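Engineer: These protein sequence lines map, in sequence, to chains A and F.
For the first sequence, my numbering gives the first residue as 58, with consecutive numbering after it.
For the second sequence, my numbering gives the first residue as 4, with consecutive numbering after it.
Take this structure, written in structure tokens, and hold onto it; I'll ask about it next.
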Amino acid sequence: MEKNVLAWLEKSAEKNPDRTVYEDISESITFGELLDEAKRIGSAICEAGLSGKPIAVMMGRSIHTIAAYLGIVYSGHAYAPIDSTQPVSRIEKILGLLEPEAVIRDKGTEGKPVEGLLGNVKSFGFEEIRSHEVDNERLKAAGASLTETSPLYIIFTSGSSGRPKGVITSHHSLMNYIEAYAGVMKITEEDRLCSQSPLDYIAAIRDIYLPLLRGAYSFICPKEYFMQPDLLNGLLNDKRITCVGWSTSALCVLSKLRMFKSGRPEFLRKVCFSGSVMPAKVLREWQTELPGTEFINQYGPTEVTASCTYHRIDHVVGEGEIIPVGVPYENYKVFLLSDNDEAVEQGGYGEICVAGCSLALGYYNDVERTGSSFVQNPLNGSYMETIYRTGDIGRFREDGCLEFHGRRDRQIKHMGHRVELDEIEAAALASADTAEAAAVYDKEKETIWLFYSGNAGVKELIVGMRGFLPGFMVPRKVIKMETLPRLANGKTDLEKLKESF
Amino acid sequence: MKEKILEILTDLRPDVDFENEKALITDNVIESFDIIELISRLGNEFDVEISPKELTAVNFDSLDAITALIARLVEEEED
């Protein structure tokens, strides 16, 4: 097995230097050009003589963003993508946690409020460093310091109390997952992928690294195409896309926008979906419309490198059928723990726990939260075996297939993203004159509701929350009340609030 | 008709200045789940069917564009 992801890039670049690896809406890049650009970027960073702390990336949805990630890896650092279009207060929290030594920025952040947050952080302009001279000596020295377990990236997810978590993952973990996924999806050099995920989000790792491992191609699709079904169908056919790994929510949205009424992706043979529970009705429609296409359900959190189980759908599902999340990927151990941290009998419910080499290295600069989720396996008193407690409830079927049965806490999956309802409430209380706030999720309609009391008007509160939360997290139904209903124990009566749905 | 559409839009996303915003889709001002809600409400309000072919940035980037689209669909419906 190779030591780091650069070995994949170098191998593919040697084999097929002139083949296109990535394309976005305005340009494309070959394996050879990507290798060259990443080395130039890496050399520029090496020359700056940094200490080895992570480097943030604030760039747009472009093929060069990936070159920046790989350039950072060449320089011996870990990269931390940050969406610069998020509210400034959230970026501030992320930067506070990350304490990056440097940031690579493209023109999109110039003159934006985010500049004011960067303070003493060294700033690399992408346009300058991409044409820096390659310094092979320095790159070699930087590469020598990397081991399989060196951190590759830090990806931020929603944290309750409004403090994001930076999941830090090693080369080894990433490579293990990508190889396992490539095996299940039978990815070859001929496969043409289409990326739906934001590049700063965990799901993008498939679109970034599968081409490097297998010599395949990825199109980095603009977000707005997923609201314009005709345009998307046209693009998927133009680019002859064969295989996608999209969020369940993207498939649901396209189904609601009646994508198949205006055409269909003719070349699409493999679809993997993940991120939330797939409604059988939606999957059934996709299966019926694309009879020659294989569908795979995938499950797992960012902390175990994107996913830990998969399920190949072997029949057209019936309305209302529960789609299992399946069996562990190669090199993953998945099991259940009871409330008392004991093993769960066959057929029983328990918390889904994961062990194996794809566990993240923890939450960056956050010993406390790392320690409560990444723990010694309570079933193993004999040697060190770290497991990740997902907080998800599961049950194994007779045939060994895992089913997902919701959360232990108030985390939800909304539009493919992990959202802590606590974070929304914290934002509502912080952003306007509010006394109480309760966020609840209508799963069926995929709508976040917020009930509150206080002096703030509805519009004022919604605008205020946009200063704290990314757009998809801002509740679309906001209801002002005299006072929120309470249970006898003083807690907010969430069930009562749900009656408004 | 324009006022009614503006009302629907503002109810959906009170934080957006629909009278001046000209790139609702192109600049990702509105999210995909806003679009779903929007076409359902527009469809009900004006009794028209917005087909997937009409779901384009050209038709949805601004209040004026949406108004023009709905006016056209209403007219086609009447024909």
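Using N, Cα and C, we set each Cβ at its ideal position, and we do this for glycine too.
Treat the numbers as computed from the prediction; the structure is a model and nothing was measured.
Are the CB atoms of A:H368 and A:I379 nearer to each other than 8 Å?
Structural biologist: Translated into the one-based positions of the first sequence, residue 368 of chain A becomes position 311. Translated into the one-based positions of the first sequence, residue 379 of chain A becomes position 322. Cβ atoms of A:H368 and A:I379: not closer than 8 Å.
Engineer: Near A:L340, what residues of its chain come up, given a Cβ to Cβ distance below 6 Å and the 5 sequence neighbours on each side ignored?
Structural biologist: Translated into positions along the first sequence, residue 340 of chain A becomes position 283. Once the five neighbours on either side are set aside, the close Cβ partners of A:L340 are V374.
Engineer: Mark A:T567 as exposed unless 16 or more other C-beta atoms lie within 10 angstroms of its C-beta, in which case mark it buried.
Structural biologist: Missing from the structure shown is residue 567 of chain A; chain A here goes from 58 to 558 and no further.
Engineer: Tell me, please, which residues DSSP counts as bridged to A:V224.
Structural biologist: Position 167 of the first sequence, counting from 1, holds the residue named residue 224 of chain A. For A:V224, which the question treats as bridged, DSSP gives the partners A:I212, A:Y420.
Engineer: Give, in chain order, every unbroken run of the beta strand (DSSP E) that is at least 3 residues long and sits entirely within the region 74–124 of chain A.
Structural biologist: Qualifying beta strand (DSSP E) stretches, in chain order: 77–80, 85–87, 112–115.
Engineer: Could you check what DSSP says for A:N397 in three-state terms: helix, strand or coil?
Structural biologist: If you number the first sequence from 1, residue 397 of chain A lands on position 340. Coil at A:N397, not helix or strand.
Engineer: Please identify the residue among A:R523, A:H228, A:G547, A:M538 whose C-alpha is closest to the C-alpha of F:V32.
Structural biologist: Here residue 32 of chain F corresponds to residue number 29 of the second sequence, with the count starting at 1. Comparing Cα positions, the closest option is A:R523.
Engineer: Kindly indicate which three-state DSSP category A:L526 falls into: helix, strand or coil?
Structural biologist: As a first step, residue 526 of chain A is located in the first sequence; it is residue number 469 there, counting from the start. Reduced to three states, the DSSP call for A:L526 is coil.
Engineer: Taking all protein chains shown into account, decide if A:K470 is buried (16 or more other Cβ within 10 angstroms of its Cβ) or exposed.
Structural biologist: Stepping through the first sequence from its first residue, residue 470 of chain A is reached at position 413. It is buried - the Cβ of A:K470 has at least 16 other Cβ atoms within 10 Å.
Engineer: Can you pull the chain F neighbours of A:F529, defined as C-beta to C-beta under 7 Å?
Structural biologist: By 1-based counting over the first sequence, the position of residue 529 of chain A is 472. Per Cβ cutoff of 7 Å: E34.
Engineer: Between the region 259–274 of chain A and the region 77–93 of chain A, do three or more beta carbon pairs fall short of 8 Å?
Structural biologist: Verdict: yes, contact present.
Engineer: Assuming A:F525 and A:P144 form a contact by the criterion Cβ under 8 Å, report the distance between their Cβ atoms to the nearest whole angstrom.
Structural biologist: Reading the first sequence from its first residue, position 468 is the one you call residue 525 of chain A. Reading the first sequence from its first residue, position 87 is the one you call residue 144 of chain A. Confirmed, Cβ separation roughly 6 Å.
Engineer: Assess, as a yes-or-no matter, whether the region 259–266 of chain A is touched by the region 234–242 of chain A under the definition of 3 or more beta carbon pairs within less than 8 Å.
Structural biologist: Yes, the region 234–242 of chain A touches the region 259–266 of chain A.
Engineer: Is A:E281 close to chain F, meaning its C-beta is less than 8 Å from at least one C-beta of that chain?
Structural biologist: Residue 281 of chain A sits at position 224 when you count from the first residue of the first sequence. Chain F, which has a Cβ nearer than 8 Å to the Cβ of A:E281, makes this yes.
Engineer: I believe A:L148 touches A:I161 by the beta-carbon criterion, under 8 Å. Please report the beta-carbon distance rounded to the nearest angstrom.
Structural biologist: Reading the first sequence from its first residue, position 91 is the one you call residue 148 of chain A. Reading the first sequence from its first residue, position 104 is the one you call residue 161 of chain A. For clarity, residue 148 of chain A is Ile in the given sequence; the question names Leu instead. A:I148 to A:I161, Cβ: 15 Å. No contact.
Engineer: In chain order, what residues of the same chain lie with their CB nearer than 8 Å to the CB of A:G349, ignoring the 5 residues before and after it?
Structural biologist: Numbered from its first residue, the first sequence carries residue 349 of chain A at position 292. If we look at A:G349 and ignore the five residues flanking it on each side, its Cβ neighbours are R326.
Engineer: Nearest-angstrom Cα distance between A:E1 and A:G302?
Structural biologist: Chain A is shown only over 58 to 558; residue 1 of chain A falls outside these bounds and no answer can be derived.
Engineer: Hey, how far is the Cα of F:E80 from the Cα of A:F317?
Structural biologist: Position 77 of the second sequence, counted from the start, is the residue given in the question as residue 80 of chain F. Position 260 of the first sequence, counted from the start, is the residue given in the question as residue 317 of chain A. About 23 Å.
Engineer: Which partner residues does A:I536 have in the DSSP bridge list?
Structural biologist: Numbered from 1 along the first sequence, position 479 holds the residue referred to as residue 536 of chain A. Beta-bridge pairing links A:I536 to A:F508.
Engineer: What does a CB cutoff of less than 8 Å around A:P255 pick up in its chain, not counting 5 residues either side in sequence?
Structural biologist: Reading the first sequence from its first residue, position 198 is the one you call residue 255 of chain A. Result list for A:P255: R118, D140, A261, K280, in chain order.
Engineer: Can you name the start and end residues of the alpha helix (DSSP H) that A:Y266 belongs to?
Structural biologist: Here residue 266 of chain A refers to the residue found at position 209 of the first sequence. That run of the alpha helix (DSSP H) goes 261–271.
Engineer: Under DSSP, the alpha helix (DSSP H) around F:A71 begins and ends at which residues?
Structural biologist: Along the second sequence, read from residue 1 onward, the residue named residue 71 of chain F stands at position 68. Start and end: 66–81.
Engineer: Please give the ranges of any beta strand (DSSP E) in the region 272–301 of chain A, keeping only runs that are unbroken, at least 3 residues long and fully inside the region.
Structural biologist: Listed in chain order, they are 274–277.
Engineer: Per the DSSP calculation, A:F330 is bridged to which residue(s)?
Structural biologist: Locating residue 330 of chain A in the first sequence gives position 273, where the first residue counts as 1. DSSP output for A:F330 lists A:W303, A:N354 as bridge partner(s).
Engineer: Looking at the structure shown, is A:G451 part of a helix, part of a strand, or coil, going by DSSP?
Structural biologist: Here residue 451 of chain A corresponds to residue number 394 of the first sequence, with the count starting at 1. Strand at A:G451.
Engineer: If the criterion is Cβ atoms closer than 8 Å, does the pair A:L66 and A:L107 meet it?
Structural biologist: Within the first sequence, numbered from 1, the residue matching residue 66 of chain A stands at position 9. Within the first sequence, numbered from 1, the residue matching residue 107 of chain A stands at position 50. Cβ distance not < 8 Å, so A:L66 and A:L107 don't count as in contact.
Engineer: Give a yes or no on whether 8 Å exceeds the smallest Cβ distance from F:I38 to chain A.
Structural biologist: Numbered from its first residue, the second sequence carries residue 38 of chain F at position 35. Yes, F:I38 lies at the interface with chain A (some Cβ there is under 8 Å from its Cβ).
Engineer: Counting only runs that start and end within the region 438–507 of chain A, where is the alpha helix (DSSP H) found for 4 or more residues in a row?
Structural biologist: Qualifying alpha helix (DSSP H) stretches, in chain order: 478–488.
Engineer: Looking at the unbroken beta strand (DSSP E) that takes in A:S252, where does it start and where does it end?
Structural biologist: By 1-based counting over the first sequence, the position of residue 252 of chain A is 195. Start and end: 249–252.
Engineer: Check each residue of the region 248–260 of chain A: if its Cβ is closer than 7 Å to any Cβ of chain F, include it; give the result in chain order.
Structural biologist: Within the region 248–260 of chain A, no residue qualifies.
Engineer: I need the DSSP call for A:F433, collapsed to helix, strand or coil.
Structural biologist: Within the first sequence, the letter at position 376 stands for residue 433 of chain A. As written in the sequence, residue 433 of chain A is Gln, which differs from the Phe given in the question. Looking at A:Q433 - three-state DSSP - the assignment turns out to be strand.
Engineer: Taking buried to mean at least 16 other C-beta atoms within 10 Å of its own C-beta, is A:I595 buried or exposed?
Structural biologist: The structure shown does not extend to residue 595 of chain A, since chain A is modelled only from 58 through 558, so no value can be given for it.
Engineer: Within 8 Å (strictly less), CB to CB, does F:A71 reach chain A?
Structural biologist: Start at 1 with the first residue of the second sequence, and residue 71 of chain F comes out as number 68. Not an interface residue.
Engineer: Taking C-beta pairs closer than 7 Å, name the residues in chain A that F:D18 reaches, listed in chain order.
Structural biologist: Here the question's residue 18 of chain F lines up with position 15 in the second sequence. Here the neighbours are I519, V520, R523.
Engineer: As an exercise, report each continuous beta strand (DSSP E) stretch of at least 3 residues that is fully enclosed by the region 165–189 of chain A, in chain order.
Structural biologist: With a minimum length of 3 residues, the continuous beta strand (DSSP E) runs that stay inside the region 165–189 of chain A are 179–182.
Engineer: Which one or two residues does DSSP pair with A:H368 in a beta bridge?
Structural biologist: On the first sequence, position 311 is the one that residue 368 of chain A refers to. Answer is A:N354.
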